[in-house]
Amino acid sequence: AQKITQTQPGMFVQEKEAVTLDCTYDTSDQSYGLFWYKQPSSGEMIFLIYQGSYDEQNATEGRYSLNFQKARKSANLVISASQLGDSAMYFCAMRERGGSQGNLIFGKGTKLSVKP
Amino acid sequence: KAGVTQTPRYLIKTRGQQVTLSCSPISGHRSVSWYQQTPGQGLQFLFEYFSETQRNKGNFPGRFSGRQFSNSRSEMNVSTLELGDSALYLCASSVGDHLAKNIQYFGAGTRLSVL
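In order, the protein sequences belong to chains A and C.
Numbering follows the numbering used here, in which position 9 of the first sequence is assigned residue number 9; successive positions increment by one, without gaps.
Add 1000 to the 1-based position in the second sequence for the numbering used here, that's all there is to it.
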């Protein structure tokens, strides 16, 4: 079964508007971390934001925020005031405290295109 | 602080050959993880090294191997290359503790094409 599900293969957003990228996850661990990465066409994976399963507040990093709903097992990324440079693939990932320890489990990604 | 450096950036090999990819982590990071990214399978974990020891391994055949040196630099080797090994290989470094918040920072990747 997929552990990380990103249901939007591609999305378009107008420049300066906000956009939400969906991510749902599946784990039986109580302690886990959720991550979002951005991958431009150059290939490098850029870390954006982290949310811990025990964090009571939603994470924020500049224009990025995470809408974390633990009971629904969702961790959606919100990008405010989109810029042309935000056009990229976005990956949601999870690390479980238990089984997989060191490695990240990635979703299939969402391709975001920002229109001028 | 310098980021994660992967060399080479591009490689073209033929079936049956072997290849070695290199990764220099962020200074002070003791963990290096390797991932394979393909259009069909997405991002898949290969293995993780911490303090020169393989700490975790994904579901890949034994043709894929790696090692880590005392300065935390890591190499990944693929022997007897197959067409399906064509992929972007990403290296990530982290502090390496076992907390859930162990952020991995990635390099730009090595794009391997097997002909």
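Even glycine gets a Cβ: it sits at the ideal position worked out from N, Cα and C.
- Neighbours of F68 (chain A) across chain C, judged by C-beta separation under 9 Å, do not exist; the nearest C-beta is about 13 Å away.
- Here Y1010 (chain C) has R1111 as same chain residues with Cβ atoms under 6 Å from its own Cβ, once five neighbours each way along the sequence are excluded.
- Separation of L21 (chain A) and C1091 (chain C) (C-alpha to C-alpha, rounded to the nearest whole angstrom) is 25 Å.
- Taking 8 Å as the cut-off, the beta carbon of P40 (chain A) is found closer than this to the beta carbon of A88 (chain A).
- The beta carbons of N1077 (chain C) and G1066 (chain C) sit closer together than 8 Å.
- Taking C-alpha positions only, R63 (chain A) is separated from Q1017 (chain C) by approximately 46 Å.
- When Cβ-Cβ separations below 8 Å define contact, S1033 (chain C) makes contact with chain A.
- Chain-ordered, the chain A residues with CB closer than 7 Å to the CB of Q1104 (chain C) read L104.
- If you compare the alpha carbons of C:L1021, C:P1008, C:G1003, C:L1115 with that of F1064 (chain C), the shortest gap goes to C:L1021.
- Counting only runs that start and end inside the region 39–89 of chain A, the beta strand (DSSP E) elements of at least 3 residues fall at 46–52, 64–69, 74–79.
- Taking CB atoms only, G43 (chain A) has a neighbour in chain C less than 8 Å away.
- Nearest to T24 (chain A) by C-alpha distance, out of A:K3, A:V114, A:F47, is A:K3.
- In terms of CA proximity to L48 (chain A), A:W36 leads the group A:E56, A:K115, A:Y54, A:W36.
- Residue pairing from DSSP leaves I1103 (chain C) without any beta-bridge partner.
- From the beta-carbon of K108 (chain A), the residues of chain C found nearer than 8 Å are G1042.
- The C-beta distance from L1081 (chain C) to F1060 (chain C) rounds to 13 Å, too long to fall under 8 Å, and the pair is not in contact.
- At least 8 Å separates the CB of G1062 (chain C) from every CB of chain A.
- K1013 (chain C) and F1106 (chain C) have their C-alpha atoms roughly 24 Å apart.
- With respect to V1032 (chain C), Q1054 (chain C) sits apart: the two C-beta atoms are not nearer than 8 Å.
- When secondary structure is reduced to three states using DSSP, L21 (chain A) falls in the strand class.
- Contact of R95 (chain A) with chain C is assigned, a C-beta pair being separated by under 8 Å.
- Around the beta carbon of Q83 (chain A), a 10 Å sphere encloses fewer than 16 other beta carbons of the protein chains shown; the residue is thus reported as exposed.
- DSSP places L1083 (chain C) in the helix class (H, G or I) of the three-state scheme.
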